[in-house]
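For reference, the structure is listed below as structure tokens.
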Amino acid sequence: MSPASEHPTAPANTSDLELLRQFEPVVYYTKGEPFFPTDVAHYVQDCSLWEHYPDGHEDLLVKQGQLTVEKLVEPRPAAFGTIRFLRYIENLNLAEAAQVLADQSRLRAKKRNYFHTGIGRLARGGFLPRLVDGLFSLSFLLRGRVSLATAAAAEIDYSELFKEEPKYIYYGRVARQNGWVILQYWFFYCFNSWRSGFHGVNDHESDWEMINIYLYEEDGRLVPEWVACASHDFKGDDLRRRWDDHSELDIEDGHPVIYAGAGSHASYFRQGEYQAEINLPLPDWFTGLERAWNKFWTETLNQPAGSPFRIPFIDFARGDGLRIGPGGPQIWSPVLIDESTPWVSQYRGLWGLFARDPISGENAPAGPMYNRDGSPRGSWYDPLGFAGLDKVPPPPQALVMLKDNCAAISRRQEELEQLTAEKAVGLQSLGVKMEGMEGNPHLAKQHAALEKTLLELAAEVRALRRERSENSALLQGLTQQLARLEAGLKDEPHAHIRHLAVPDKPAQTFRFDRAAETWAAISLSLLLFAIAALIFIAPKYIWGGLTVIVLLFLVAESILRGAFVQTITRITLVLAMISALILFFHFWKWIILGGLVAIAAFLMFQRLRELTG
Amino acid sequence: MAKRKKNHSRKKQPIAVTVIAVAIVVLFLIRLYQVFEPLFRQQVFQNGITGRLFEGWKLTSLSMALLSSVSYFILSLAGIVVLIGFLRLRRWSWILLIAWTGLSLLITLINYFYGQPNYAVMLSNVIIAFALSNADVQRIFGIRSDENVPGL
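First to last, the sequence lines map onto chains A and S. Using my numbering, the first residue of the first sequence is number 1320, and each one after it goes up by one. Using my numbering, the first residue of the second sequence is number 6, and each one after it goes up by one.
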């Protein structure tokens, strides 16, 4: 039996703050993480408040140093399409940018807080995704972006802020819905440095993350049942783990353990390195073409699926850095929030820079209650639906509901039995009557009317019997489930999970890891050099040469990744398809003719065989 | 004397394996023709190797023909080795054949786009490529082992 510390309970009348404290999570960070959950009031004091208008211009509403949480929520009417945002780091000129980058290096050296990539994302994705990734990186030249110097300045400012207020803060909210008591832990970070610090997708000023714990009441005590947190690529049921699921959730002295992604602060239940993928915003016609090609590739050619238009990024949730939570030197400072907290409900703007990024990856997020566009955030108003729990009753209620369901179905079965018997007798009576009419032409009309009634009654009886049979199967399942629950047995703990977030195992992925990593880093540039050389040396053979070079790169890559057979098969198949199209283009008459002759011969063979027995 | 029993449990070869074997033989014959064609063109069989092989640092048409003939001869020999391995259902022969087919398709396509099409080789390679990627063929050669093998 597991120790009581792994199944803590709290009296049902425990105050909200005490409840939050009792179940607060332990969060492990990755070494090199520069930002930790902090206080919004101090952050706001370091910010200026701005408005961005639909015509593109921006106005400063409150200067840096003059803003407070109270001023933040002051009513300010604005036109449709206006975006209100905070700005943590002001524009830096070249000299200031160089200065903060140097200061950042000194700060890291002082704290000895370094991050080592190891086998990075580039080597984990294939050559084509890397090519697309190169274009994605170039897209930052066109998209709005948070600069490297901004990230460095934020790191320095946060370090100063932490000196003034050396606390790790979470904002706790207790919600009660459908028999569940939901503890929400909101974490505010000054900055998300996933791209600049950890080769991730984006950087943005400010970051809000959340962990939910779901409790139910039994015998006057609150019992934790589920833990859920937001994560890349997952939603609904896949976001939650059951408290007793030891393979998927660590519990430390009664507190759930979460591993935060480096820079991204996304939450994971297992420590490791996670491959997150982003889909490029491709036009609909292109996505349709890609879907058709994938269908042909996987279903007709029976080949494994894969898309080059998904860029792999690694979220490092190694858990080898700072640990914050009960039972350690770094502990949480909780602050209670709810809808009556002014900055929660009355500030709908962004909590950091609006970077004018059309894909939104670099724009700061809004607060706990709102989305970037100011609409209500689902995880706030529907914390049950967020984790797919809106359909799941708390265990004690589940038992009662199950019993009620069984009783209702049993009652219906009795009704059905009686009803079926009555209707069946009526049906037989009609049948006898109809038989008696046979051979009497003058009764044709009545016979036809009776036949219609009989058919309707027969259909009714059939439907009743079907319902009874279906109910019987359902009742059997429910009764078994009821017996399991009454015996104190639970379902398999991750039966609800459709897509499980599993960390990479980089050590097993590559045959020549260092060579693969080096190759991944330089291959794209080498390819461009080779193309340049080809244009210079043999411009007449540009297309042939280009094809050969790209294929050579793909094959070299596949050898390093231990995927030679798979890659060579794909290349050969694609070349075969191009060749097949060329052959069809030149010999389509002969191909159709040949097909017709073959079909004719086959049919003749079939018929002759039938004829000769 | 007890007769040796036939091994009825022996795996049945999918039709694709036979198709590939036939295509390899066709390719072998084409390559064999390509071995002799340049030699006939240079009248080597009538006159022997009488001309010069080099003019300064450049190859003469005779040496080019010899080189081409030797290359195709090596390819033909490789084809026979692969065919033997293939008929014995060896994994290495499948890998060698798919790599060879890919390379051959690439050369054929480049030749096509530069105005020197060879449709017979192209067709043989297309047939081999599609037949090799057949799931049953891949399973029988141990290339994929993802699903149950119905009918094998």
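Beta carbons are placed, not taken as given, at the ideal position from N, Cα and C, and that holds for glycine. Given the structure is predicted, the values throughout are model-derived calculations rather than measurements.
Out of A:G1745, A:K1809, A:R1691 and A:S1664, the CA that lies nearest to the CA of A:T1772 is found in A:G1745. Close to chain S, meaning a Cβ-Cβ distance shorter than 7 Å, are the following residues of the stretch 1875 to 1898 of chain A: V1884, I1887, T1888, I1890, T1891, L1892, L1894, A1895, I1897 and S1898.
Annotation for A:S1478: the continuous alpha helix (DSSP H) segment containing it runs L1467 to E1483. In the structure shown, A:G1807 adopts coil according to DSSP, grouped into three states. In this structure, the straight-line span from the alpha carbon of S:Q48 to that of S:T55 is close to 10 Å. For the C-beta of S:F45, not a single chain A residue is nearer than 8 Å; the gap to the nearest is close to 27 Å. Note on geometry: alpha-carbon atoms of A:H1818 and A:A1706 lie some 13 Å from one another. Counting C-beta pairs with one atom in each stretch, the stretch 1878 to 1897 of chain A and the stretch 99 to 113 of chain S have three or more that are closer than 8 Å, which means they touch.
With a beta-carbon spacing of about 7 Å, A:S1586 and A:A1549 fall inside the 8 Å limit used to define contacts.
For A:F1588, no alpha helix (DSSP H) run applies, since DSSP gives it neither H nor E.
In terms of Cα proximity to A:K1554, the closest of A:Q1885, A:T1798 and A:H1815 is A:H1815. In the three-state reduction of the DSSP assignment, S:Q39 falls in the helix class. One alpha carbon belongs to A:T1886, the other to S:I103, and they sit about 11 Å apart. DSSP places A:M1688 in the coil class of the three-state scheme, outside both helix and strand.
Distances from the CA of A:L1338 to each of A:A1777, A:S1478 and A:I1532 were compared; the closest alpha carbon is that of A:I1532. Interface residue (Cβ-Cβ distance to chain A less than 8 Å): S:S68 is not classified as such.
Nearest CB-CB separation between A:G1591 and chain S: not below the 8 Å threshold. Contact of A:I1901 with chain S is assigned, a C-beta pair being separated by under 8 Å. Excluding its 5 nearest sequence neighbours in each direction, A:I1910 has C-beta neighbours in its own chain below 7 Å: F1903, listed in chain order.
The residue from A:D1810, A:L1641 and A:C1509 with its alpha-carbon nearest to that of A:V1576 is A:L1641.
Cβ atoms of A:A1470 and A:L1411 stay farther apart than 8 Å, at about 11 Å. The Cβ-Cβ distance between A:A1683 and A:S1525 falls below 8 Å. Along the stretch 1476 to 1538 of chain A, the alpha helix (DSSP H) occurs as fully enclosed runs of 4 or more residues at 1513 to 1517, listed in sequence order.
Annotation: A:H1574 is outside any alpha helix (DSSP H); the continuous beta strand (DSSP E) that includes it extends over H1574 to A1579. In the three-state scheme derived from DSSP, where H, G and I count as helix and E and B as strand, A:C1725 is classed as helix. Within the stretch 87 to 117 of chain S, contact with chain A at the beta-carbon level (separation under 8 Å) is assigned to I100, I103, A104, T106, G107, L110, L111, T113, L114, I115 and Y117. Assigned with DSSP and collapsed to three states, A:Y1347 falls in strand. Along the stretch 48 to 98 of chain S, the alpha helix (DSSP H) occurs as fully enclosed runs of 4 or more residues at 49 to 52 and 66 to 92, listed in sequence order. Straight across, the Cα-Cα distance linking A:L1912 with S:A136 is about 23 Å. Judged by pairs of C-beta atoms under 8 Å, the stretch 1534 to 1545 of chain A does not touch the stretch 1384 to 1398 of chain A, as fewer than three such pairs exist. Residue contact check for A:L1846 against chain S: no CB pair falls below 8 Å.
Taking a cut-off of 8 Å for Cβ pairs, the stretch 1774 to 1790 of chain A and the stretch 1736 to 1756 of chain A touch, as three or more such pairs fall below it. Counted as a single uninterrupted DSSP element, the stretch harbouring A:P1356 is not any alpha helix (DSSP H), since DSSP gives it neither H nor E. Annotation: Cβ neighbours of A:N1621 in chain S (cutoff 8 Å, chain order): S138, N139 and A140. For A:L1900, there is no enclosing beta strand (DSSP E); the enclosing alpha helix (DSSP H) covers residues F1883 to L1930. Within a 10 Å sphere around the beta-carbon of A:I1643 sit 16 or more other beta-carbons, which makes this residue buried.
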